[in-house]
Amino acid sequence: MNTRKKGEAYERIAAEYLKDNGVVMLEHNYRNRKGEIDIIGKDGEYTVFFEVKYRKNHSAGYPVEAVNYGKQRTICRVADYYRMTHHIGEFSPVRYDVVGICGAEITWYKNAFEHIY
Numbered sequence: 128m129n130t131r132k133k134g135e136a137y138e139r140i141a142a143e144y145l146k147d148n149g150v151v152m153l154e155h156n157y158r159n160r161k162g163e164i165d166i167i168g169k170d171g172e173y174t175v176f177f178e179v180k181y182r183k184n185h186s187a188g189y190p191v192e193a194v195n196y197g198k199q200r201t202i203c204r205v206a207d208y209y210r211m212t213h214h215i216g217e218f219s220p221v222r223y224d225v226v227g228i229c230g231a232e233i234t235w236y237k238n239a240f241e242h243i244y
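Take the sequence shown: its position 32, counted from the start at 1, is 159 in the numbering used here, and no numbers get skipped.
In structure tokens form, the structure reads like this:
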């Protein structure tokens with residue numbers, strides 16, 4: 128299985144996990160010329176931008192550690208564009224979460240990072 132197909136498979140697993148935990152799915156693999164966001168959903172009043180990371184085991188580190196500053200900045204820029212095009216106001220609550228999958232273990236890191244301007 129190539130990397131992209133593997134990523135899509137784990138994004139589907141993450142989406143099912145999030146749905147089971149009350150998240151309403153809005154978008155999967157939202158892309159624009161600045162980058163991509165794996166999942167966009169609503170968790171209560173929050174619009175949440177999710178990054179999904181998979182690791183077979185912890186030998187390469189925890190999945191959340193792969194969401195470095197550069198990736199966070201890209202997610203924020205794509206999220207800004209999404210918010211603008213979907214008329215989500217500047218004072219509407221948003222959050223940036225990471226879903227880490229390591230082996231069969233799924234961990235949801237709420238508010239994993241702050242918005243980067």
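We treat Cβ as the ideally placed atom computed from N, Cα and C, and that holds for glycine.
Can the beta-carbon of Val-205 be found closer than 7 Å to that of Asn-159? yes
Out of Gly-149, His-155, Gly-168, Asn-148, state which residue places its alpha-carbon closest to the alpha-carbon of Ala-136. His-155
Measuring CB to CB, does Arg-200 end up less than 7 Å from Pro-190? no
Locate the alpha helix (DSSP H) running through Val-151, then write down its first and last residues. Run containing Val-151: none in the alpha helix (DSSP H); it sits in the beta strand (DSSP E), 151–159.
Is the distance from the Cβ of Ala-252 to the Cβ of Val-194 below 7 Å? With the chain represented from 128 up to 244, any question about residue 252 goes unanswered, as that position is not in the structure.
When the Cα atoms are used, what is the spatial distance from Ile-233 to Tyr-208? 29 Å
C-beta contact flag for Glu-138 and Asp-165 at 7 Å: yes
If you reduce the DSSP assignment to three classes, tell me which class Lys-237 lands in. coil
Taking the beta carbon of Gly-168 as the centre, do at least 16 other beta carbons fall within 10 Å, making it buried, or is it exposed? buried
Of the choices Tyr-173, Ala-231, Tyr-157, whose alpha-carbon is the least far from that of Asn-184? Ala-231
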